[in-house]
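Colleague:
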Amino acid sequence: ISLPGCRKEANELAHHHHDHSEEENHDHAHDATHVHEENEQQEKSHGQESANEISLPHDRAEKLGVKSSEITPDEFFETIAVGGELTSAPSSQSTVTARSAGIVTLSGAATPGAHVSKGQTIATISGKGMAGGDANETAQVALSAAKRELDRLTPLHADGIVSTRDYNAAKQAYETAKAATGNASSAGSAAVAPTSGTLTSLLVNEGQFVDAGTPIAVIAGSNTLTLRGNLPERNVRFLPTITGAKFRTSYSDEIFDVTDFNGHRSSDVSTAVATQGYIPVYFTLTNNGKLSAGSYCEVYLTGGKRENVIAVPVTSLSEQQGKYFVYIRLDEDCYEKRPVTLGASSGDKVEIISGIKPGENVVTEGTTFVRLAESSGIVPEGHSHSH
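Next comes the structure, spelled out in structure tokens:
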């Protein structure tokens with residue numbers, strides 16, 4: 032790092048004094064030498080003091096969006112970061128099933144992630160061409176025969192030629208055949224969506240044989256979601272203290288709080304059972320359109336509150352060779368690089384165990400640009416948050 036701007040002025044004055052002494056009297060060589068040695072000592076002292084200091088002019092810092100904030104002890108919620116997933120709430124899920132046995136032909140709507148309406152056809156099932164024949168086609172033939180017989184007996188019954196008993200038998204045979212066909216046609220039976228929502232998973236493939244009652248697809252209502260956090264079994268003592276959670280989805284860097292979605296914990300501590308080394312912790316959310324079922328998440332389970340904790344935003348941290356640093360703003364044009372020891376994380380903030388004192392101004396945005404100034408002394412032009 033070149034000599035920081037915040038230290039430059041004192042040294043320029045010292046060098047000016049040295050040059051002036053030589054011009055004033057060449058005979059005072061001993062005095063000039065003494066002044067030169069004194070300046071070298073001063074520069075060395077200043078270099079030691081400013082080893083971690085960075086010069087970044089105020090106007091340039093403002094243009095690049097570098098911001099700092101005074102750090103004060105505040106309340107902090109103990110947090111454990113775990114893996115998790117967003118899923119549709121069981122109460123909002125429905126299953127599309129096959130109404131007859133046969134070969135599956137999927138419709139254009141049968142695409143995971145597609146929105147479907149109630150009654151929309153997801154697939155058709157047909158046994159045509161299979162050994163034993165198509166049950167739907169057989170039912171259609173039986174229905175046609177029953178209808179022809181009923182149509183023949185109806186006028187005869189009206190004229191008293193056919194008894195009421197024979198007429199009622201023909202009518203019953205027709206109703207039975209009609210019920211047997213259901214929504215079947217010569218093209219096969221249709222598997223339709225029982226509710227509107229998003230098709231989250233397709234359980235069969237094109238051309239697959241299915242029996243009647245086989246699940247074809249799962250449809251999820253888009254309003255209610257379940258957030259599951261997988262708490263490691265070794266942290267079971269943390270389980271009773273969990274009151275809330277924050278989470279970040281796999282498709283976004285934004286950190287959400289369950290309270291942003293009217294969320295609340297829906298699992299009971301007394302009934303929690305560990306599976307494969309993890310204890311599931313559930314939260315019920317009301318989706319506002321920002322979330323998508325089936326997304327994997329980073330979940331920050333929050334527990335008991337602690338007071339007077341020094342914490343900084345994660346954007347303040349700079350990781351270098353496995354160690355963490357923050358940048359302290361000393362004045363308008365000068366910053367200091369400071370090593371810190373990290374504690375717990377709340378997702379958007381990190382506890383600082385050592386390295387920062389209350390009242391110090393820590394860079395919270397634009398940390399990368401201060402680091403560039405530290406390494407090169409040059410801040411690149413053309414990258415500005417002010418347009």
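Using this note's numbering, the first residue of the sequence shown is number 32, and each one after it goes up by one.
Note that CB positions come from ideal geometry on N, CA and C, so glycine has one too.
Quantities reported herein were computed from a predicted structural model and do not represent experimental measurements.
#1: Quick check on this structure: which residue in Y331, L187, V249 and V289 has the alpha carbon closest to the alpha carbon of G325?
#2: Mapping the DSSP letters down to three states, classify S119 as helix, strand or coil.
#3: Less than 8 Å between the beta carbons of N318 and L256, yes or no?
#4: Whose CA, out of V235, I310, F292 and D242, lies closest to the CA of R268?
#5: For A251, which residues of its own chain have a beta-carbon under 7 Å away from its beta-carbon, when the five flanking residues on both sides are left out?
#6: State buried or exposed for Y27, treating a residue as buried only when at least 16 other CB atoms are found within 10 Å of its CB.
#7: Is it buried or exposed, L187, if we count other Cβ atoms within 10 angstroms and call 16 or more buried?
#8: Suppose the cutoff is 6 Å on Cβ atoms and the five residues either side in sequence are ignored; what does the same chain contact list for G144 look like?
#9: If we count the other Cβ atoms within 10 Å of its Cβ and call it buried at 16 or more, is R196 buried or exposed?
#10: Classify S283 as buried or exposed, calling it buried when 16 or more other Cβ atoms lie within 10 Å of its own Cβ.
#11: If distances are taken between C-alpha atoms only, which option among T136, D288, L137 and G275 comes closest to K321?
#12: Taking buried to mean at least 16 other C-beta atoms within 10 Å of its own C-beta, is K336 buried or exposed?
#13: What residue does the alpha helix (DSSP H) around T399 start on, and which one ends it?
#14: Taking the runs of the beta strand (DSSP E) that are 3 residues or longer, which of them lie wholly in the segment 130-188?
#15: Report buried or exposed for S407, applying the criterion of at least 16 other Cβ atoms within 10 angstroms of its Cβ.
#16: In whole angstroms, give me the CA-to-CA distance for V223 and I153.
#17: Spatial neighbours of E396 within its chain, please: CB distance less than 7 Å, with the 5 preceding and 5 following residues excluded, ordered by chain position.
#18: I'd like to confirm the pairing. Which residues does DSSP put opposite G334 in its beta bridges?
#19: With the cut-off set at 8 Å, would you say N261 and V113 are in Cβ contact?
#20: Alpha carbon to alpha carbon, how far is L373 from V381? Give it in angstroms, no decimals.
#21: In whole angstroms, give me the CA-to-CA distance for T155 and T272.
#22: Leaving out five residues on either side along the sequence, give the residues of the same chain with a beta carbon under 7 Å from the beta carbon of T126.
#23: Quick check on S81: does DSSP put it in helix, strand or coil?
#24: Strictly by DSSP, which residues pair up with Q124?
#25: If you reduce the DSSP assignment to three classes, tell me which class Y313 lands in.
#26: Starting from Y355, follow its DSSP beta bridges and name the residues at the other end.
#27: Would you give the residue range spanned by the beta strand (DSSP E) that E93 belongs to?
#28: What are the start and end residues of the beta strand (DSSP E) that includes F292?
#29: Quick one: measure Cβ to Cβ for L316 and F292, integer angstroms, because I've assumed they're closer than 8 Å.
#30: What residue does the beta strand (DSSP E) around Y366 start on, and which one ends it?
Modeller: The structure says:
#1: V249
#2: strand
#3: yes
#4: I310
#5: S119, S123, Q124, G228, T229, T231 and A324
#6: Here the chain comprises residues numbered 32 to 418, so residue 27 is not present and cannot be evaluated.
#7: exposed
#8: none
#9: exposed
#10: exposed
#11: D288
#12: exposed
#13: T398 to S407
#14: 133-137 and 152-157
#15: exposed
#16: 5 Å
#17: G96, V97, K98 and T346
#18: None; G334 has no bridge partner.
#19: yes
#20: 7 Å
#21: 51 Å
#22: P246 and V249
#23: Its pLDDT being 48, under 50, S81 is placed unreliably in this model, and the value from its coordinates should be taken loosely. Here S81 sits in coil by DSSP.
#24: A251
#25: strand
#26: E350
#27: Counting along the chain, E93 falls outside any beta strand (DSSP E), though it belongs to the alpha helix (DSSP H) covering H89 to L95.
#28: Segment: none, F292 is in no beta strand (DSSP E) and carries neither H nor E.
#29: 4 Å
#30: C365 to P370
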